[in-house]
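Going by UniProt numbering, the first residue of the sequence shown is number 1, and it counts up by one from there.
Where a beta carbon is used, it is the ideal one built from N, C-alpha and C, also for glycine.
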Amino acid sequence: MPETVRLTINGEAVEVPSGTRVAAAMLLAGAVCRTSVSGEPRTALCGMGICMECRAVVNGVPQTKTCQLACQPGMSVETQQGETWR
Ligand code: FES
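Right, dumping it as structure tokens:
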């Protein structure tokens with residue numbers, strides 16, 4: 001297993017240690033997971049897959065929980081903008 005993983009977060013190339021969860025990588029990159037309907041920044045809260053605050057767009061798929069998802073090489077992650085729960 002490689003020691004680091006390269007991915008993009010909001011279009012910026014990021015390199016993180018292998019095993020890093022996507023939510024943590026977003027914090028390291030200075031990004032938030034999503035914005036609320038009113039535009040407030042939101043990011044991981046519980047870190048264990050319950051609160052849903054860590055939803056982001058991963059490889060084009062919105063509403064992806066990022067706190068339990070390990071970074072993969074070439075992954076594209078974007079802050080989810082103003083989405084409501086579906
Ligand atoms: S941080 Fe709570 S579900 Fe991901």
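Among Ile9, Gln72, Glu78, the one whose alpha carbon lies nearest that of residue 91: Nothing can be reported for residue 91: it is not among the residues displayed for the chain, which extend from 1 to 86.
Rounded straight-line distance, which links the Cα of Gly74 to that of Glu12: Between Glu12 and Gly74, the C-alpha separation is close to 12 angstroms.
So the candidates are Ala24, Val58, Pro17, Val37; which of them puts its Cα closest to the Cα of Thr43? The candidate whose alpha carbon is nearest that of Thr43 is Ala24.
Since I believe Gln80 is in contact with Arg55 (beta carbons under 8 angstroms), could you give me their beta-carbon distance rounded to a whole number of angstroms? So it is a contact: roughly 6 angstroms between Cβ atoms.
Using beta-carbon positions only, say whether Leu45 and Val58 come within less than 9 angstroms of one another. Note that the C-beta distance between Leu45 and Val58 is not below 9 angstroms.
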